[in-house]
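Undergrad: Can you read through this structure? Questions will come right after.
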Amino acid sequence: MKGTLVNASTVLAGSLIGMGAGRYLSQGIRTILMQALGLAVMVIGIKMALSGENPIAAVGCLLLGGITGELMRIEDGVEYLGTRLKARFKSQSTTFVEGFVTATILYLTGAMTIVGSIQDGTVGDATTLYLKALLDGFASVVLASSLGVGVAFSALSVLLVQGGLTLLASQLAFLKEPAVLESITAVGGMIIVGIGINLLDIKRLRVGNLVPALIYACIYPLIWK
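So the sequence shown is numbered by our numbering: it starts at 10 and just counts up by one.
Below you can see the structure in the form of structure tokens.
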């Protein structure tokens, strides 16, 4: 769990720094920072998506995941949780829910979350999660400077979800298989591209509803060898 605790701490610390610095930044600076982060996220996502050797299977997982997520209304659930947290802590931020949803999905979508959790939970090696913590911390500074306190609350999502994966790591060792990791990376990359599109404000995508695609990405290599 040490890797997850550090990761959640860097998200929280980065968010606090971003909120503190945000008031001193002009709207133009905040906009360009978000655009830079959006471009960086898209490049990372594209690189991940193109790393797979079976793009048709990755697209199939994404489509099935989108249908599943839409039926389960996952994005609505995450937004509802964000709304409840906003009400519970009497936040006046108009971007609380957007910040919470965007950061939560960004920090929990990707192979680093799964691989790092498995390494930390099985052999106590938190190196991958430490690297992820560094990246998430910097991203939190930029996100929180524009989207506010909702980003800080995504640290709870990291703690619960990533921590849960770490505790279950001994039962999830199959996720370390190269074919599974490749599938997760490719599908996760496409989802991350969607986050980049949202950050760039090109079009609002319901990225949360694509998250079940990662489950299909885990299953596909195991049944189709």
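For glycine and all other residues, C-beta sits at the position ideal for the given N, C-alpha and C.
1) Whose CA, out of V20, I200 and I228, lies closest to the CA of S154?
2) Output needed for R82: all residues of its chain with C-beta closer than 8 Å, excluding positions within five of it in sequence on either side, in chain order.
3) To the nearest angstrom, how far is the alpha carbon of F162 from that of E84?
4) Answer with buried or exposed for Q101, where buried requires no fewer than 16 other C-beta atoms within 10 angstroms of its C-beta.
5) Closest to G31 by CA distance: which of L156, T131, A58 and L138 is it?
6) Taking a contact to mean a Cβ-Cβ separation below 7 Å, would you say G12 touches D129 in this structure?
7) Where do the N-terminal and C-terminal ends of the alpha helix (DSSP H) with R39 fall, by residue?
8) Which value, in whole angstroms, describes the spacing of the CA atoms of G91 and S24?
9) Let me check understanding here. Comparing Cα to Cα, which of M121, I127 and I200 lies closest to A142?
10) So, with DSSP's three-state summary, where would you put R93?
11) Would A178 pass as a contact of I123 if the rule is Cβ separation under 7 Å?
TA: In short, the structure shows the following:
1) What you label residue 154 is simply residue 145 of the sequence shown in a count that begins at 1. Measuring from the Cα of S154, the nearest candidate turns out to be V20.
2) By one-based count along the sequence shown, residue 82 stands at place 73. N218, listed in sequence order.
3) As a position in the sequence shown, residue 162 is number 153, starting the count at 1. As a position in the sequence shown, residue 84 is number 75, starting the count at 1. Looking at the two C-alpha atoms, the distance is approximately 16 Å.
4) Translated into the one-based positions of the sequence shown, residue 101 becomes position 92. Result: exposed.
5) The residue you call residue 31 lines up with position 22 of the sequence shown. Residue L156 is the option with its Cα nearest to G31.
6) Within the sequence shown, numbered from 1, the residue matching residue 12 stands at position 3. Within the sequence shown, numbered from 1, the residue matching residue 129 stands at position 120. Closer than 7 Å, so yes.
7) Taking the first residue of the sequence shown as position 1, residue 39 is located at position 30. Here the alpha helix (DSSP H) through R39 covers Q36 to A58.
8) Counting from 1 along the sequence shown, the entry for residue 91 is found at position 82. Counting from 1 along the sequence shown, the entry for residue 24 is found at position 15. G91 and S24: Cα-Cα distance of roughly 16 Å.
9) Here residue 142 is taken as the residue at index 133 of the sequence shown, counted from 1. The option with the nearest alpha carbon to A142 is M121.
10) Working through the sequence shown from its first residue, we reach residue 93 at position 84. Three-state result, R93: helix.
11) Here residue 178 refers to the residue found at position 169 when the sequence shown is read from its first residue. Here residue 123 refers to the residue found at position 114 when the sequence shown is read from its first residue. No. Outside cutoff.
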